[in-house]
Amino acid sequence: MADYTEPQEMKLIRGTAEEIAADFGPEYWREMEEAGEFSEEFWSELAEAGFHGLLIPEEYGGAGMGMQEMGVAMETLCKEGVGMAGCWYLVVNACMAAVGIREHGTEEQKEEFLPGIADGGEMFCMGITEPDAGTNTLNAETFAERDGDGWRVNGKKCWITFSDESDYIVLVTRTTPADEVDRATDGITLLIVGLDEDGVDVEPIPKHGMNYSNSCEVFLDDVHVPEGRVLGEEGDGWWALVDTLNPERIAFSAAATGIGKLAADSAVEYTNDREVFGQPVGAHQGVQFPVTEGYAKLETAAVMRDKAAWLYDNGEDCAYETNVAKAVAVEAGIETVYHAMQAYGGWGYAREYDVERWWREINLTRLAPVTQQMAWNHLAQEIGFPKSY
Ligand SMILES: Cc1cc2nc3c(=O)[nH]c(=O)nc-3n(C[C@H](O)[C@H](O)[C@H](O)COP(=O)(O)OP(=O)(O)OC[C@H]3O[C@@H](n4cnc5c(N)ncnc54)[C@H](O)[C@@H]3O)c2cc1C
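And the structure:
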């Protein structure tokens, strides 16, 4: 039988996330979004709370915890008022880059980079997506060729979140052309590239929401990368990359349940107050049932996320559970925010009530980090259907 007693340290993390969220509520993010500003204060607050270092071993300045704790931290931040930023400011740097270096870095790389990630002093972004490869990362064309002791990189990435703020990018490159390898997964190499190197150009992509951060095109023109910057094995970086994708999906699952609950809680408060036909609009089952049904699905998705995170933290295969958690949390999150917005009536369309912003935020989770179709593709295969992609 599973034991659902919440450990003391999980209560501590939840409490810390609640305290942070109390200072960074919906109004704050509405203003940051409208100003299009990156939140240095929130970033520093996460560092002070130790959240950037949750997944980093203590010997490198972190807390030595796992994705279960990170999931709770993210869901709580999102739910208590931070919205998507509660996941967004942690997922790339503190989850993906930290885990990639923790699991696949050399001792030198761990010593050089992990303490800076943990204390918030250094920021990484993840350079996976390319305009012509899209969802099929194996078609990446950004190429790194040997240049003396190091590498020379040419190529183009798109949608790279935080690349305009980051110090480094974990860059997915090909070091052997796709038509010269036995398996499509061969010939991929991950490089840690300084974003201040000559030949790097970063251009933000104007986007639909979450404008308290930029996602950018990154152009690499003859960029020199010194020796010692390969993350994982040269030519075999695909598997190191895959290792970072499960934490990313678990994180987005936490974001979806957190944003869904935030919108639901907000709709409950609003509709308990708003009277139209002589009673609160929240008293109508037509208003309360859809939000409640969504909420129940969010609770279920959160349990699956916790299972996926437990498997991940214990070194077990977690791909199936992670895709279930991500896909189901996203469907439930979208459903809940949709009905929460409806419960607000016309005011759901007004910026001042934030639910329209959460609607824009939740919709990202069906497109990234993996689209819903690709999550269903993986799951369909897992339950026995032929591979369809
Ligand atoms: C705000 C934002 C931030 C992002 N941040 C980052 C980041 O930091 N780093 C990074 O590397 N990337 C990032 N991404 C990129 C994101 O991961 C990709 O946009 C996503 O993986 C989809 O790729 P694509 O846009 O090229 O879609 P495409 O691959 O062009 O797909 C288009 C549509 O076709 C569907 N489709 C394609 N093939 C199949 C198939 N075989 N079966 C069924 N359906 C299929 C897809 O699901 C999708 O709906 C970000 C994206 C956004 C919007």
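Residue numbers (our numbering): 36 to 424. The C-beta atom is built at its ideal place from N, Cα and C for all residues, glycine as well.
- Boundaries of the alpha helix (DSSP H) around R284: 273-308.
- E94 and C160 have their C-alpha atoms roughly 23 angstroms apart.
- Placement of the Cβ of I195 at a distance of less than 7 angstroms from at least one heavy atom of ligand 1 is found.
- Under the three-pair Cβ rule at 8 angstroms, the stretch 267-285 counts as touching the stretch 214-232.
- Fewer than three beta-carbon pairs drawn from the stretch 54-74 and the stretch 141-159 are found closer than 8 angstroms, and the two stretches are therefore not classed as touching.
- By the criterion of a C-beta distance shorter than 7 angstroms, E396 is surrounded in its chain by G118, M119, G244, M245, I294, once the five residues flanking it on both sides are discounted.
- At a Cβ-Cβ threshold of 8 angstroms, T279 and M131 count as neighbours.
- Straight-line measurement puts the Cα of Q377 at about 12 angstroms from the Cα of Y305.
- The nearest non-hydrogen atom of ligand 1 is less than 7 angstroms from the C-beta of M161.
- Residue side-chain check: Y247 keeps its Cβ at 7 angstroms or more from all non-hydrogen atoms of ligand 1.
- For C122, no beta strand (DSSP E) run applies; the uninterrupted alpha helix (DSSP H) run containing it begins and ends at 120-125, by DSSP.
- Excluding its 5 nearest sequence neighbours in each direction, W393 has C-beta neighbours in its own chain below 7 angstroms: G118, I294, L297, A298, V372, listed in chain order.
- Here DSSP, grouped into helix, strand and coil, assigns P150 to helix.
- Counting only the Cα atoms, G381 lies some 11 angstroms from E391.
- In this structure, the C-beta of S250 approaches ligand 1 to less than 7 angstroms from one of its heavy atoms.
- For T357, the shortest C-beta to heavy atom distance toward ligand 1 is 7 angstroms or greater.
- C-alpha of L226 to C-alpha of E334: approximately 39 angstroms in a straight line.
- Membership of L399 in the alpha helix (DSSP H) is indicated by the continuous run 390-399.
- Beta-bridge partners of P315 (DSSP): E310.
- With a minimum length of 4 residues, the unbroken runs of alpha helix (DSSP H) contained wholly in the stretch 318-372 fall at 320-348.
- Taking 8 angstroms as the cut-off, the Cβ atoms of V258 and D199 do not count as close.
- A straight line joining the alpha-carbon of I204 with that of V127 spans about 10 angstroms.
- Ligand 1 never approaches L173 closely enough for any of its heavy atoms to be under 7 angstroms from the residue's Cβ.
- Between R209 and S288, the C-beta spacing is not below 8 angstroms.
- Taking C-alpha positions only, E310 is separated from A318 by approximately 9 angstroms.
- Sorting A343, A337, S301, A415 by C-alpha distance to the C-alpha of Q323 places S301 at the top.
- Less than 8 angstroms divides the Cβ of G234 from the Cβ of L255.
- With a cut-off of 7 angstroms, the C-beta of Q408 is classified as near ligand 1, since at least one heavy atom of the ligand falls inside that distance.
- T292 is the residue among D308, L399, E66, T292 whose C-alpha sits nearest the C-alpha of V363.
- Shown here, A129 sits in a helix according to DSSP, grouped into three states.
- Linking C193 to V303 through their CA atoms gives a straight-line distance of about 39 angstroms.
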